[in-house]
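Below is one structure, written out as structure tokens; the observations come after it.
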Amino acid sequence: MHWGGHLSDLLFCAAAVVLRRTSKGDVVLSYLSIRNLAIIDRVELELYPGLTVVTGETGAGKSMLLSALTMLLGGSVSRDSVRSGEDSLSLEGVWDNGSGTLPFGSLLEGDEVPGEVVVRRNVAFSDGSRRDRLLVADRLTNRTSLQEIAGDLVNISSQHEYIGLMKKGEHLSILDRYAGHSALLARMDALAPRHEALVRELRELSEQAVRREARVAELTDRVEELTAAGVAAGEEEELHQRVSRLAHSVDIANALGQALEQLYEGERDVVSSLSSVERALSGASRFEPAIAPCIDRLVCAKVELEDIVGQLRRLAGSVEVDPALLDHLQERLALLQKLKRRYAVDRADALVPLLEAARAELLRLEDVEVHLGRLGQEVADARRAMLEQAARLHEARVRVALKLEKALQGMLGLLEMKKARFAVPVELDEGRVGRLGGDDVEFLFSANTGEEARPLRRVASGGELSRVLLALKAVLAEAYPVPTYVFDEIDSGIGGRTALAVGRLLARLARSHQVICITHTAQLAAFSDHHYVVTKEERGGKTHARLTRLEAAEARVREIARMLSGLDDSPTALSHASELMEAACKEKQTLSC
Numbered sequence: 337m338h339w340g341g342h343l344s345d346l347l348f349c350a351a352a353v354v355l356r357r358t359s360k361g362d363v364v365l366s367y368l369s370i371r372n373l374a375i376i377d378r379v380e381l382e383l384y385p386g387l388t389v390v391t392g393e394t395g396a397g398k399s400m401l402l403s404a405l406t407m408l409l410g411g412s413v414s415r416d417s418v419r420s421g422e423d424s425l426s427l428e429g430v431w432d433n434g435s436g437t438l439p440f441g442s443l444l445e446g447d448e449v450p451g452e453v454v455v456r457r458n459v460a461f462s463d464g465s466r467r468d469r470l471l472v473a474d475r476l477t478n479r480t481s482l483q484e485i486a487g488d489l490v491n492i493s494s495q496h497e498y499i500g501l502m503k504k505g506e507h508l509s510i511l512d513r514y515a516g517h518s519a520l521l522a523r524m525d526a527l528a529p530r531h532e533a534l535v536r537e538l539r540e541l542s543e544q545a546v547r548r549e550a551r552v553a554e555l556t557d558r559v560e561e562l563t564a565a566g567v568a569a570g571e572e573e574e575l576h577q578r579v580s581r582l583a584h585s586v587d588i589a590n591a592l593g594q595a596l597e598q599l600y601e602g603e604r605d606v607v608s609s610l611s612s613v614e615r616a617l618s619g620a621s622r623f624e625p626a627i628a629p630c631i632d633r634l635v636c637a638k639v640e641l642e643d644i645v646g647q648l649r650r651l652a653g654s655v656e657v658d659p660a661l662l663d664h665l666q667e668r669l670a671l672l673q674k675l676k677r678r679y680a681v682d683r684a685d686a687l688v689p690l691l692e693a694a695r696a697e698l699l700r701l702e703d704v705e706v707h708l709g710r711l712g713q714e715v716a717d718a719r720r721a722m723l724e725q726a727a728r729l730h731e732a733r734v735r736v737a738l739k740l741e742k743a744l745q746g747m748l749g750l751l752e753m754k755k756a757r758f759a760v761p762v763e764l765d766e767g768r769v770g771r772l773g774g775d776d777v778e779f780l781f782s783a784n785t786g787e788e789a790r791p792l793r794r795v796a797s798g799g800e801l802s803r804v805l806l807a808l809k810a811v812l813a814e815a816y817p818v819p820t821y822v823f824d825e826i827d828s829g830i831g832g833r834t835a836l837a838v839g840r841l842l843a844r845l846a847r848s849h850q851v852i853c854i855t856h857t858a859q860l861a862a863f864s865d866h867h868y869v870v871t872k873e874e875r876g877g878k879t880h881a882r883l884t885r886l887e888a889a890e891a892r893v894r895e896i897a898r899m900l901s902g903l904d905d906s907p908t909a910l911s912h913a914s915e916l917m918e919a920a921c922k923e924k925q926t927l928s929c
């Protein structure tokens, strides 16, 4: 065939590109294994430096590779993701950490990161239950932790990201990622919470101030009433005892008088009788010595009785029979009972701390105006600090926005959009200053000369949006490098020279990064350093996806011919494919120099 003469040229060209490849970058993602994902029963993919493309018929399962990588790095897995007839799916990826820069250290709890890091995930579904096991270097980890570092391992551009590019809210984040001014953002993020807390405190205090007058009046009445009442700790119990004694004072006096009369003051009182008994026994004890101990005990009893008599006399002398005093004490108890009901306490003793608390709150309320003024000044100072930091952040963003515009303009020129204009206006709105500053950023775009730049979300076509995203990725890769870039449908809506330009830029990006691209465009595939084809076939009543690496130049030419014409044996398509690959290979040689 007349296209066969190109094969030797292609082989020589490819070898030259490999020899001239810079040795700067290590293989980062070197291996990917997929089992039981959708129509994939088992696929193993070895990955290399440079640009790897994955092609195949629509529906063959190309995008499943992207899904697998997303799931491996902590993405969600549903039961529907598992191959029909199976209960689990397994994923495995190997990262080469030869450069020592991969961010796995945070997952290994201080252990040294090995030169080769294996990430495995197995998700099993059984009887309504789910088991998700995720290992990094044979150490169990969780999805959230892995997701936190996934963006530093692989940058994936999918249809979801195209949609995100259309959202104005994402544009500020893109600008900040390009700028890398983390210190300015960190300072802004530190100032904002303090300002928010002070504003919240001021609002609450102001609301309290509105209710202050009513509360002050209530507390003043309480303090005056309780102070006038003169409540003392232990007073209620003492009053109850005194009232009880006064209420029964006559009975107490009569009982004491009767006791004294019978013990000491009557005609035949007990003490006199004991004295007579003592005298009688003393005479008899001269004849009967055993009586002496009894006499001693009688003497002791008489002494004890005389002491009791003395105490009873004192008590009788202290008994109060005072109806007026009783009335006064009962009135005092009634007042305490009234205060207990009013202030909902069980004991009068509790009125004492209630009075102290009311006095303390009054003092605080009297300080509210002073505190309001002081807090208002703190809010103003915090606001001023935020505005000053927001202004510094704004100035930095404006400078970087001009730099980003220039860089994107150059990248868009490489993508056959020389007349396009990309603008990144940055407007400061002091009224919305917060944790991210106060800037409003929206990407503006014009595809043609003379047209006003308008919001990207309104004017960019599918093909233009794909190229803008690729240009952004290429620019961001220089400022915020990620080892591996994965593109899915980056060629959406493009073809011809534009597709060649996209392939050229991907090849340029692949000089310093690992790039994996899922594509259906022949011009883009022609720039690949490594080429895989996904096919599907039916066996045993089930569909199977198959992944084949095209190592031979002839096989690559045939696949690109198929992509161009739908036929892999058309002489015209084969000739066109070989010319396309040869031209792409020569351009890659230029990039490698």
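In terms of the numbering used here, the sequence shown opens at residue 337 and continues consecutively.
Using N, Cα and C, we set each Cβ at its ideal position, and we do this for glycine too.
Distance between residue j and residue i (C-alpha atoms, nearest Å)
i, j, result
"Leu661", "Ile627", "55 Å"
"Gly361", "Arg882", "With a pLDDT of only 45 at Gly361, under the threshold of 50, the placement of this residue in the model should not be trusted; the figure read from the coordinates follows. Going from the Cα of Gly361 to the Cα of Arg882 covers about 30 Å."
"Ile492", "Ser465", "30 Å"
"Gly746", "Glu923", "18 Å"
"Ser424", "Thr871", "23 Å"
"Ala533", "Asn458", "45 Å"
"His507", "Val777", "6 Å"
"Lys398", "Ala526", "45 Å"
"Gly410", "Ala460", "15 Å"
"Ser608", "Tyr600", "7 Å"
"Leu634", "Asp663", "47 Å"
"Arg357", "Arg847", "Note that Arg357 scores a pLDDT of 44, beneath 50, so its modelled location is shaky; the value from the coordinates is reported in the next line. Roughly 7 Å separates the two Cα atoms."
"Leu748", "Ala813", "15 Å"
"Glu554", "Leu690", "13 Å"
"Arg475", "Val535", "46 Å"
"Leu711", "Gly770", "20 Å"
"Leu740", "Arg539", "41 Å"
"Gln713", "Ile510", "36 Å"
"Ser359", "Thr820", "Reliability fails at Ser359, whose pLDDT of 40 lies under 50, so the model's placement of it is uncertain and the value that follows must be treated cautiously. If I take the Cα positions, the gap works out to 16 Å."
"Thr550", "Leu698", "Just to set this straight, residue 550 is Ala in the shown sequence, not Thr. If I take the Cα positions, the gap works out to 12 Å."
"Asp682", "Ala565", "17 Å"
"Leu842", "Leu368", "21 Å"
Buried or exposed (CB count within 10 angstroms, at least 16 for buried), residue i
i, result
"Thr480", "exposed"
"Asn433", "buried"
"Gln598", "exposed"
"Gln483", "exposed"
"Arg844", "buried"
"Arg898", "buried"
"Ile826", "buried"
"Glu301", "The displayed coordinates of the chain run from 337 to 929. Any statement about residue 301 would go beyond what the structure contains."
"Cys853", "buried"
"Pro625", "exposed"
"Ile370", "buried"
"Glu800", "buried"
"Ala616", "exposed"
"Ile830", "buried"
"Arg622", "exposed"
According to DSSP, residues forming a beta bridge with residue i
i, result
"Lys878", "Arg875"
"Asn491", "Tyr821"
"Val870", "Gly392, Leu883"
"Phe758", "Phe781"
"Phe461", "Arg466"
"Leu387", "Val851"
"Ile485", "The partner list for Ile485 (beta bridge, DSSP) is empty, contrary to what the question assumes."
"Gly773", "Gly770"
"Ser369", "Glu380, Glu428"
Assumed close pair residue i, residue j - CB separation to whole angstroms, cut-off 8 Å
i, j, result
"Gly832", "Leu860", "Between Leu860 and Gly832 the Cβ distance is about 11 Å, and since that is not below 8 Å, they are no contact."
"Phe781", "Ala756", "7 Å"
"Val389", "His856", "Not quite, the Cβ-Cβ distance comes to about 10 Å (not below 8 Å), so this is no contact."
"Phe863", "Ala783", "About 24 Å; that fails the 8 Å criterion."
"Ser366", "Glu382", "7 Å"
"Ala473", "Val490", "With a Cβ gap of about 17 Å, Ala473 and Val490 do not count as contacting."
"Ser420", "Leu373", "Rounded, the Cβ-Cβ distance is 11 Å, inconsistent with contact."
"Val734", "Tyr514", "With a Cβ gap of about 13 Å, Val734 and Tyr514 do not count as contacting."
"His730", "Gly798", "With a Cβ gap of about 33 Å, His730 and Gly798 do not count as contacting."
"Leu641", "Val613", "That belief does not hold up - the Cβ atoms of Leu641 and Val613 are roughly 13 Å apart, past 8 Å."
"Val822", "Leu405", "7 Å"
"Leu764", "Asp775", "6 Å"
Any non-hydrogen atom of the ligand SAM within 8 Å of residue i CB
i, result
"Asn372", "Annotation note on the ligand SAM: not contained in the displayed structure, which lists no ligands."
Just to confirm the assignment: which complete alpha helix (DSSP H) runs, minimum length 4, are found wholly within the stretch 784–852? Considered as a whole, the stretch 784–852 harbours 792–795, 798–815, 832–845 as its complete alpha helix (DSSP H) runs of no fewer than 4 residues, in chain order.
Give the list of continuous alpha helix (DSSP H) stretches no shorter than 4 residues that lie fully inside the stretch 528–596. Listed in chain order, the complete alpha helix (DSSP H) runs (minimum 4 residues) inside the stretch 528–596 are 571–583, 585–596.
Quick one: which unbroken beta strand (DSSP E) runs of 3-plus residues sit fully inside the stretch 402–445? Chain order, please. Complete beta strand (DSSP E) runs here, min 3: 424–432.
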